[in-house]
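S.K.:
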Amino acid sequence: MSAAPPLVLDLDHESRNSASLTNLFEVVSEDLQTLNKNIQSRVLELKEQGVSEEKAMAVADIEYRAERNAKKKSHSRLKQIAKLQGKKPPPNPYPNAIKEIHDEERKLVRDRFHDPRILEFVQKMKEENVAFLQDRNGSGGF
Numbered sequence: 001m002s003a004a005p006p007l008v009l010d011l012d013h014e015s016r017n018s019a020s021l022t023n024l025f026e027v028v029s030e031d032l033q034t035l036n037k038n039i040q041s042r043v044l045e046l047k048e049q050g051v052s053e054e055k056a057m058a059v060a061d062i063e064y065r066a067e068r069n070a071k072k073k074s075h076s077r078l079k080q081i082a083k084l085q086g087k088k089p090p091p092n093p094y095p096n097a098i099k100e101i102h103d104e105e106r107k108l109v110r111d112r113f114h115d116p117r118i119l120e121f122v123q124k125m126k127e128e129n130v131a132f133l134q135d136r137n138g139s140g141g142f
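My numbering puts the first residue of the sequence shown at 1, with every later residue one more than the last.
#1: Rounding to the nearest angstrom, what Cα-Cα distance links I98 and I62 in this structure?
#2: Here's the rule I'm using: 16 or more other beta-carbon atoms within 10 Å means buried, otherwise exposed. How should A56 be labelled?
#3: Classify A60: buried if its beta carbon has 16 or more other beta carbons within 10 angstroms, exposed otherwise.
#4: Just the Cα atoms here: how many angstroms apart are R136 and E100?
#5: How is K99 classed by DSSP in three states: helix, strand or coil?
#6: If you reduce the DSSP assignment to three classes, tell me which class F132 lands in.
#7: Can you have a look at R16 and say buried or exposed, based on whether 16 or more other CB atoms are within 10 angstroms of its CB?
#8: State the start and end residues of the unbroken alpha helix (DSSP H) segment that holds S52.
#9: By the 10 Å Cβ neighbour count, where 16 or more other Cβ atoms means buried, how is L78 classified, buried or exposed?
#10: Between K124 and H114, what straight-line distance do the alpha-carbon atoms span, to the nearest angstrom?
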């Protein structure tokens with residue numbers, strides 16, 4: 001028995017049939033999982049062949065970068081297809097970690113202006129600061 005040929009999508013030419021984005025994303029997500037498994041197995045395979053761990057990691061890194069560039073191009077193409085179909089573009093497979101942290105913190109920053117517990121705490125800190133300044137100025141140590 002021969003294995004079924006891999007699913008190949010010709011994204012350079014728009015097909016007359018409207019392919020659903022869900023199907024396209026499924027293909028891409030499966031590819032991403034396969035790539036991650038391949039990198040791990042590639043390092044182990046090279047180490048079994050007697051290659052030092054540093055060289056095995058370097059080879060896997062080179063292969064990973066090549067695959068990553070290919071994934072970026074495919075993601076770019078999926079965004080173009082979504083735009084042409086008037087649908088929401090797919091999520092970025094490489095989100096910016098700093099932006100994710102900012103998104104999480106943005107909610108906390110907004111809360112400090114509306115949360116009654118925080119407002120009460122801030123008011124208490126202001127009162128303590130005023131009392132401290134009055135105590136410091138009133139003692140007249142000079």
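Idealized CB from N, CA, C, for every residue including glycine.
M.R.: Concretely, from the data shown:
#1: Position 98 of the sequence shown, counted from the first residue, corresponds to residue 98. Position 62 of the sequence shown, counted from the first residue, corresponds to residue 62. Distance between the alpha carbons of I98 and I62 is about 25 Å.
#2: Residue numbering aside, residue 56 sits at position 56 when the sequence shown is read from its first letter. Buried, because 16 or more other Cβ atoms sit within 10 Å of the Cβ of A56.
#3: Within the sequence shown, the letter at position 60 stands for residue 60. A60 comes out buried.
#4: Locating residue 136 in the sequence shown gives position 136, counting from the first residue. Locating residue 100 in the sequence shown gives position 100, counting from the first residue. Going from the Cα of R136 to the Cα of E100 covers about 44 Å.
#5: Within the sequence shown, the letter at position 99 stands for residue 99. In the structure shown, K99 sits in a helix (DSSP, three-state: H, G or I).
#6: Start at 1 with the first residue of the sequence shown, and residue 132 comes out as number 132. Residue state, collapsed to three classes: helix.
#7: For the purposes of this step, residue 16 is taken as the residue at position 16 of the sequence shown. Note that R16 scores 41 on pLDDT, short of 50, meaning its location in the model is unreliable; the coordinates nonetheless yield the value given after this. With fewer than 16 Cβ atoms within 10 Å of its Cβ, R16 is classed as exposed.
#8: Here residue 52 refers to the residue found at position 52 when the sequence shown is read from its first residue. From DSSP, S52 is part of no alpha helix (DSSP H); its letter is neither H nor E.
#9: One-based indexing of the sequence shown puts residue 78 at position 78. Answer is buried; the Cβ neighbour count reaches 16.
#10: To locate residue 124, count along the sequence shown from 1; it is residue 124. To locate residue 114, count along the sequence shown from 1; it is residue 114. Straight-line Cα distance between these residues: approximately 16 Å.
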